[in-house]
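Visitor: Number 236 marks the last residue of the sequence shown (the working numbering); no jumps.
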Amino acid sequence: IYPDFVEVSRGFGIAARQIREKAEVLGALEEMIAHPGPFVLDVLIPYQEHVLPMIPSGGTVRDIIKS
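#1: How close, in whole Å, do the beta carbons of residue 195 and residue 201 come, if the pair is a contact with beta carbons under 8 Å?
#2: Using the Cα positions of residue 185 and residue 219, report the straight-line distance between them to the nearest angstrom.
#3: Mind checking whether residue 179 and residue 213 have CB atoms under 8 Å apart?
#4: Taking DSSP as the reference, what is the three-state secondary structure of residue 177?
#5: Rounded to whole angstroms, what is the Cα-Cα separation between residue 187 and residue 228?
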C-alpha cells in the first residue's frame with residue numbers, strides 16, 4: 170500500500186529500519202542515535218490507534234488536541 174521507505178532509503182545509501190510494535194521503539198531509537206550518518210526510522214501505527222497530540226485535518230497548531 171505504502172512505499173517501502175526502508176528499501177527506498179537503502180537505495181540512496183541511507184540506513185533504515187521499520188518498526189510495528191511499541192516494544193521495538195526503544196531499541197530502534199538507540200540504533201538510530203548510535204548510527205553515525207543519516208537514518209530513516211519508519212514507524213507504522215495502526216490507523217485506529219489513538220495518537221496524541223494531534224492536529225485535526227485542516228486545523229493549525231492552535232487546534233491541537235492533547236487529551
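We put the beta carbon where it would ideally sit given N, CA and C, even for glycine.
Guide: Looking at the coordinates:
#1: By 1-based counting over the sequence shown, the position of residue 195 is 26. By 1-based counting over the sequence shown, the position of residue 201 is 32. Between residue 201 and residue 195 the Cβ distance is about 11 Å, and since that is not below 8 Å, they are no contact.
#2: Counting from 1 along the sequence shown, the entry for residue 185 is found at position 16. Counting from 1 along the sequence shown, the entry for residue 219 is found at position 50. The alpha-carbon atoms of residue 185 and residue 219 are separated by roughly 25 Å.
#3: On the sequence shown, residue 179 is found 10 positions in, with the first residue counted as 1. On the sequence shown, residue 213 is found 44 positions in, with the first residue counted as 1. Not closer than 8 Å, so no.
#4: Reading the sequence shown from its first residue, position 8 is the one you call residue 177. Here residue 177 sits in helix by DSSP.
#5: To locate residue 187, count along the sequence shown from 1; it is residue 18. To locate residue 228, count along the sequence shown from 1; it is residue 59. Taking the straight line joining both Cα atoms gives about 29 Å.
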